[in-house]
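A.B. asks: Before I ask anything, here is the structure I am working with.
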Amino acid sequence: MSDDKKSSIPSREERPAEGGSRAGGGFDTMLGRVMIDRGLVSDSELQQAINRRDLDPGGSLADVLLNAGFVTNSQMDRVRSEIESERSTQRIPGYKIMRKLGSGAMATVFLARQISLDRLVAIKVLPRRYSDNADFIARFQKEGRAAAKLNDPNIVAAYDVGNSGDHHYFVMEYVDGDTVYDRITANKRFEESQAISVANQVASALRHAHDRGFIHRDIKPKNVMITKDGLVKLADLGLARALSDKEAAEAEAGRAFGTPFYISPEQIRGKVDIGPQADIYGLGATLYHMVTGSVPFKGKSPSEVMHRHLKEPLVAPDHLNPGLSSGLAQVIEMMMAKDPADRYRNAEELLEDLALVDAGQKPRHAGGAIDIASVVSMGDDAENLAPVMASRANENRSGGLTILLIATLIGSVLLNLALLAFLAGNA
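For what it's worth, the working numbering labels the leading residue of the sequence shown as 1, then goes sequentially.
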């Protein structure tokens, strides 16, 4: 094809973000680009639509695409929303938008360059439809403020929170990598050593957050990012809450906040006193998914999944993945105990057990009662055992003594009854 006969559709580099020779030209140009980029229309279909639009001075490209049946109303609505978000970010002072990274129901994330520091950043933009919703705006700003108070290599850093016109944005560290969810989707499951490495880094991030009085409340594979160098970053503090924020806890009482596949039982019940153990449960469910390739509990609806979190026993992860070590299986089972009191008390204990399992040793806190004989042989080292394990050992030992005592009493009663019967028969 000769140059003078090439399609008049501008290339991605040539398409302007604003402007145009006709009313709505800027929007139509962006609309055409997005339609092509998303594969919703072909070059020839877009060119047909442009030609039809040009025959009607008052027409719009969107109307032509819809009337011609090239796209559906729902597809057009999604594209309009994306364009509005992209146009709004073009007006955020101090940043040059480069491309969209992803979008969800609550926000769209763009890759941008911070002009003053010449560094890549990610900008999260609240959809325009929520710009008048005080609750959504407050939650969005709360995420930024929470992230700004945390400074840990395993947590995505926050740089700025603000608004441009009626659009609210949150600037954060750009992570060049993928998520745990992406890797599960591609490979089904993680090797045990890789899973332990990821869990160890997330637990370290949780230790930092918990020590500073924050709980995440939405630990899941999509919120755990991995850089190309293997560094793990915990992301999305949208549901994070200060442990000291009693007002927020009371306001949220009775409502479940979290993702059904990974939510803790106390979050499902809407408990007021939710603590760090909820994050440990979420990480346990995430780790379970990583090493088995399956979520802990399945269901046809979110309510069914959450009901199973509350009531159904967990299928041991090493039953689904026989190659999994018993040590890691025990760690996961303790992380996902129904009762928070039966889980790790804090991330520090979890980190200790993960290190032991990674070294091929038995976990110190998980796995139930210990062998009393082995404790005796340890000598002075026995006093260093975790209180939780000693407590469980004592409980089991005292329980055994109780059963033995009851059995002895029953035997004595039966013997006496037999003796009385014998004497009565000989009277």
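All C-beta atoms, glycine included, are put in the ideal place defined by N, C-alpha and C.
I need the straight-line Cα distance from G26 to L65, nearest angstrom please.
C.D. replies: Taking the straight line from one Cα to the other gives about 16 Å.
A.B. asks: Just to check my reading of the structure: Q267 and P340 have Cβ atoms closer than 8 Å, yes? What is that Cβ distance to the nearest angstrom?
C.D. replies: The Cβ separation is near 10 Å, so there is no contact.
A.B. asks: Where DSSP assigns a beta bridge to R113, which residues make up the other side?
C.D. replies: For R113, which the question treats as bridged, DSSP gives the partners K96, L120.
A.B. asks: With distance defined between alpha-carbon atoms, name the residue in S116, L126, L117 nearest to F110.
C.D. replies: Residue L126 is the option with its Cα nearest to F110.
A.B. asks: Nearest-angstrom Cα distance between G327 and A359?
C.D. replies: Spanning the two alpha carbons is a distance of roughly 10 Å.
A.B. asks: Where Q361 and S81 are concerned, what is the direct C-alpha to C-alpha distance, given to the nearest angstrom?
C.D. replies: Rounded to the nearest angstrom, the two C-alpha atoms are 53 Å apart.
A.B. asks: Rounded to whole angstroms, how far is the Cβ of Q189 from the Cβ of G293, which I believe are closer than 8 Å?
C.D. replies: Looking at the sequence itself, residue 189 is Arg, so the reference to Gln does not match. Indeed they touch by this definition, with Cβ atoms about 4 Å apart.
A.B. asks: Given this structure, state the Cα-to-Cα distance separating Q48 from G299, to the nearest angstrom.
C.D. replies: Their backbone Cα atoms lie some 46 Å apart in a straight line.
A.B. asks: State yes or no: is the C-beta of L287 within less than 8 Å of the C-beta of M335?
C.D. replies: Contact flag set, yes.
A.B. asks: Would you give the residue range spanned by the alpha helix (DSSP H) that L351 belongs to?
C.D. replies: 347-358 is the extent of the alpha helix (DSSP H) around L351.
A.B. asks: Taking DSSP as the reference, what is the three-state secondary structure of L310?
C.D. replies: Looking at L310 - three-state DSSP - the assignment turns out to be helix.
A.B. asks: For the beta strand (DSSP E) that H167 lies in, which residues bound it at each end?
C.D. replies: Residues 167-173.
A.B. asks: Quick test of the definition: if touching needs 3 or more C-beta pairs under 8 Å, does the segment 201-221 touch the segment 337-355?
C.D. replies: Yes, they touch.
A.B. asks: Name the residue from A285, K220, Y169, Q114 whose alpha carbon lies nearest to the alpha carbon of V315.
C.D. replies: Considering only alpha carbons, the answer is A285.
A.B. asks: Rounded to whole angstroms, what's the CA-CA distance from P317 to A337? Just pull it up for me.
C.D. replies: If I take the Cα positions, the gap works out to 13 Å.
A.B. asks: Please name the residue, chosen from V202, A205, A146, that lies closest to A158 on a Cα-to-Cα basis.
C.D. replies: Of the candidates V202, A205, A146, the one whose C-alpha sits nearest the C-alpha of A158 is A146.
A.B. asks: If you compare alpha carbons, which of L55, G39, M35 is closest to A62?
C.D. replies: The candidate whose alpha carbon is nearest that of A62 is M35.
A.B. asks: Rounding to the nearest angstrom, what Cα-Cα distance links I263 and V305 in this structure?
C.D. replies: Computed Cα separation, rounded: 10 Å.
A.B. asks: Quick one: grab the DSSP three-state call for I274.
C.D. replies: Here I274 sits in coil by DSSP.
A.B. asks: Helix, strand or coil for A281 per DSSP?
C.D. replies: The sequence shown places Tyr at residue 281, rather than the Ala named in the question. If DSSP states are grouped into helix, strand and coil, Y281 belongs with the helices.
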